[in-house]
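Chains as they are written, first to last, in the numbering used here: chain P, 1 to 234; chain A, 235 to 319; chain W, 320 to 439. Where is the CB? At the ideal position from N, CA and C, for every residue including glycine. Report on the following structure.
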Amino acid sequence: MIRTFFVVLLLLGLGAVFAGLMVGYTPDAELNATARYYADNTAADTGAANIVTAIIVTYRGLDTLGEVTVLFLTAAIVALVLAAGREKDPASRIAPPPAGELLTTGSRLLAPLILLLGVYVFANGHLTPGGGFQGGAILASAVLLLLLTDPLRHFGHRLISVVESLSGFIYVLIGVAGVVLAGGFLDNRILPLGDFGALLSAGAIPVIYTLIGLKVGAEFASMLVSLSETEEPR
Amino acid sequence: MTLVTTVMGLLLALASVGAAVVAIRVRSLPVAILAAGLVSLLAAVLFVLLAAPDVAMTEAAIGSGLTTFLFFFVLGRVRGGGDHD
Amino acid sequence: MTLVTLAIATGFALVLIGLLGALTDRNILRMIVAFTIANTGVNLVLIGVGMLPGRTAPILDEAVSVAQAAARIVDPVPQALVLTAIVIGLGVTALMLAYALRLHQTRHSLDIRTFTELKW
């Protein structure tokens, strides 16, 4: 009881701080200097129509490389933590009742379409809202659908890890190519910038975002597969 | 235009705060997980109103989609030992 | 009350509700659910701060030309930041869930009161 009292007291203090931040807050009328630079120069610098994509892939590309590395570490730790609880022989797991006809047929129909949508989302990341992270999550949701249909389906960890490490490796190679051929690490101007607004434009941004999409999709899929392969409760 | 978006924003804000209260107060754990997913989904619509379509897509696909499924995977594994308060 | 202040207020409210849930609940899974709510609240505050009223999304097309971009678009930097934050948020949630699952496998309980080794 005394504990709840202290928690409420702490949150009231935090709420007072938040209210102090809110009172008298007026949104800026003009962009600040950094945002103004991005607004004025993104089209000329990178050729990307989506400024958020240009910031993530090019201007702050090193941060994104760090981000996918953190995500890779997370997937690895999830697999490591859960590996100890996994049964040795997958054949000995109790088979759940088979999924219904509707789910089986529907997932066969939908899984390729979902994969296609994911590829569309990350290939168009430099033109429309969307990109590697959203597309990767959509790819992982296709894997999720297949897992729901057949929980005992054996997903090749090898395939997932090959896709994951290959796309990560090529991502870093493109970054190094930017140092050699263009202005710096992960510079997208190693490929021609092309026509503004075309699918094959913005230099290496579509290539990098496709690699990020594959890598993120493989990492999310590996988290889902590791979680689904843990021991069923007895 | 601005009035319509403000009213929509008000409804979404009230709904998401309500869903958050449900998520931490309701006794059943599956309902709490679904309510947290609903908070994410309503926040995604708010992001569209706030001129952030990229963030809205990410929140809808990752925050409300995959996170909810991760919770349900874990919930299926711990059923029976989890919720006894 | 404008949309911006509304979004920031909602975000702060979600942070407080999430922290309340995380600090008062005894079930580890419920604490993780509360943390994801607080996470969403923080993202909402950041996007609200980056929003400038009456402006449009930072995507250049027929409607917003390059020349008038600086006068028409909202701040893109918080949006890039929050995009990163959402993805890492899922990673953090997955880690917490994996540890919760391991705790349940070894101790057959998810009640935080039964884990007292690190208590002082």
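Excluding sequence positions up to five before and after P:Ile190, its CB lies within less than 8 Å of the CB of Ile174, Ala177, Gly178, Leu181, Ala182, Gly203 and Ala204, all in the same chain and listed in chain order. In the structure shown, P:Asn124 falls within a coil segment according to DSSP collapsed to helix, strand and coil.
Using a Cβ-Cβ cut-off of 7 Å, P:Pro27 is close to Val323, Met370, Leu371 and Pro372 of chain W, given in chain order. The beta carbon of A:Pro287 sits closer than 8 Å to some beta carbon of chain W. Of all residues in the region 39 to 50 of chain P, only Ala39, Asp40, Ala43, Ala49 and Asn50 come within less than 7 Å of chain W when Cβ atoms are compared, listed by chain position.
For the region 175 to 191 of chain P, there are no residues whose beta carbon sits under 7 Å from a beta carbon of chain W. In the three-state scheme derived from DSSP, where H, G and I count as helix and E and B as strand, P:Asn50 is classed as strand. Restricting attention to P:Val57, P:Thr74, P:Val163 and P:Leu21, the CA atom closest to the CA of P:Asn188 is found in P:Val57. Within chain W, the residues whose beta carbon sits less than 8 Å from that of A:Ser274 are Thr355 and Thr359, listed in sequence order. Below 8 Å, too few C-beta pairs join the region 108 to 121 of chain P and the region 246 to 256 of chain A to call them touching: fewer than three. By a beta-carbon distance limit of 8 Å, P:Leu139 contacts P:Gly217. Their separation comes to about 3 Å. For the pair P:Ala75 and P:Gly66, the Cα-to-Cα distance works out to about 14 Å. If you ignore the 5 residues before and after A:Val289, its C-beta comes within less than 6 Å of the C-beta of Phe281, all in its own chain and listed in chain order.
Under DSSP, the beta-bridge partners assigned to W:Ile392 are W:Thr375. Counting along the chain, the unbroken alpha helix (DSSP H) around A:Arg259 starts and ends at Thr236 to Arg259. In the structure shown, P:Asn32 falls within a coil segment according to DSSP collapsed to helix, strand and coil. For W:Thr343, the enclosing alpha helix (DSSP H) starts and ends at Leu322 to Thr343.
With 16 or more other Cβ atoms inside 10 Å of its own Cβ, P:Lys215 counts as buried.
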